[in-house]
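>
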Amino acid sequence: MNRNPPDLVYLSRIRTHAMNQYFTALINQRTSRRTFRPGKLPGHLTEAVSQLLAAHGTGPLGTLIPFRLIDRQDLDNQQLKLGTYGFIQGARYFIAGFVAPASTAFLDYGYCLERIILELTGLGLGTCWLGGTFDRGEFSKAMRLPENQTIPAVTPVGYPTSLRGLGDRIIRLSAGSANRLSWKNLFFEHDTGHPLDPAHSAAHHDQLEAVRLAPSASNKQPWRIFLDQGQYHFSLCRTPGYRNKFLATDLQMVDIGIAMCHWDLAGSEKGLPTRWSVSKPAGFPDEPEYIITANTD
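All letters in the sequence shown, in the order written, are residues -8 to 288 by this note's numbering.
Here it is as structure tokens:
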């Protein structure tokens, strides 16, 4: 009996579950994995990954992002030291892309790579966001990085080991990866003095919860969302001094892109489309920093 290739089975499953909280389930399921089983991925699976990279290379704000699956065992890469400073063990494959440094580009990068990462979770593959813990110089060589472009973040991809390595457990514990801030610390009405009443956002509850569960650099969870006249304004509560650590990119802007992705995917499963716009409302405070508005009307 002929069977569909696994990538086609996967795409069929996406269609079947598109209105059945498939992505919401993935958002709840996915965790960072830092220890991988060695060996080559099956050809049909690397082809499925390549299809995903091609399908999700344009962000909601229009940035085109060339993503690439990097195989450390490819002849061109064998002389490179694609290092992750000990944070990742056993990974043969990585996904990376590049953009010209700009706020909207970083938003789009976070959005697109998170969508890819969630899709990879659906394929049974492990991933881990790496923003400040990979060798940008060596990855730039592997990507043949054009001038005036930057690689904001990368992820390993592969079959994770059944048990987490000691280093993985230590990193998760130190970062508090399993912990998330509560609604009252993240979502507000009009200003930070008025935490959002869940009853006032019942239609968008699942989207807000999906944002709350989003991964972020060092688990800082820098997004703050303000409901005002039916619009949800995404803002950024910057960690003091954090930007100076990573001059090549704005990792906390990438985090906002990740949150946008979760908002959109959870909304799509409820039939709640969003139109994104960048237009700071009159009277909006300077802190936290206004970023973008989710228009839901």
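The beta carbon of each residue, even a glycine, is placed where N, CA and C say it ideally should be. Treat the numbers as computed from the prediction; the structure is a model and nothing was measured.
Using a Cβ-Cβ cutoff of less than 6 Å, which residues in the same chain neighbour residue 202 once the five nearest sequence positions on both sides are dropped?
Hits under 6 Å: 250, 253 and 254.
> If you draw a straight line from the C-alpha of residue 176 to the C-alpha of residue 247, how long is it?
The alpha-carbon atoms of residue 176 and residue 247 are separated by roughly 16 Å.
> Considering residue 47, what are the terminal residues of the beta strand (DSSP E) in which it resides?
No beta strand (DSSP E) contains residue 47, which DSSP labels as neither H nor E.
> Tell whether a beta-carbon distance below 8 Å holds between residue 59 and residue 101.
Taking 8 Å as the Cβ cut-off, residue 59 and residue 101 do not qualify as a contacting pair.
> Just list the beta strand (DSSP E) runs in the segment 165 to 226, keeping only unbroken ones of 3 residues or longer that don't cross its boundaries, in chain order.
Listed in chain order, the complete beta strand (DSSP E) runs (minimum 3 residues) inside the segment 165 to 226 are 178 to 180, 182 to 186 and 214 to 219.
> Among 131, 124 and 50, which has the Cα closest to the Cα of residue 103?
With distances taken between Cα atoms, residue 103 lies closest to 50.
> Check whether the segment 33 to 44 touches the segment 126 to 139, counting contact only when three or more Cβ pairs, one atom from each stretch, lie closer than 8 Å.
No: fewer than three Cβ pairs fall under 8 Å.
> If residue 97 and residue 143 are in contact, beta carbons under 8 Å, what's the gap, nearest whole angstrom?
That pair is a contact at about 6 Å.
> Classify residue 185: buried if its beta carbon has 16 or more other beta carbons within 10 angstroms, exposed otherwise.
Exposed is the call here.
> Is residue 36 helix, strand or coil by DSSP?
Residue 36: helix per DSSP, three-state reduction.
> Regarding residue 61 and the ligand FAD, is the C-beta to nearest heavy atom distance less than 7 Å?
The ligand FAD is not among the ligands present in this structure, which contains no ligands whatsoever.
> State buried or exposed for residue 105, treating a residue as buried only when at least 16 other CB atoms are found within 10 Å of its CB.
By the 10 Å Cβ count, residue 105 comes out buried.
> Pick out the complete alpha helix (DSSP H) segments inside the segment 64 to 110, 4 residues or longer, and give them in chain order.
Correct list: empty.
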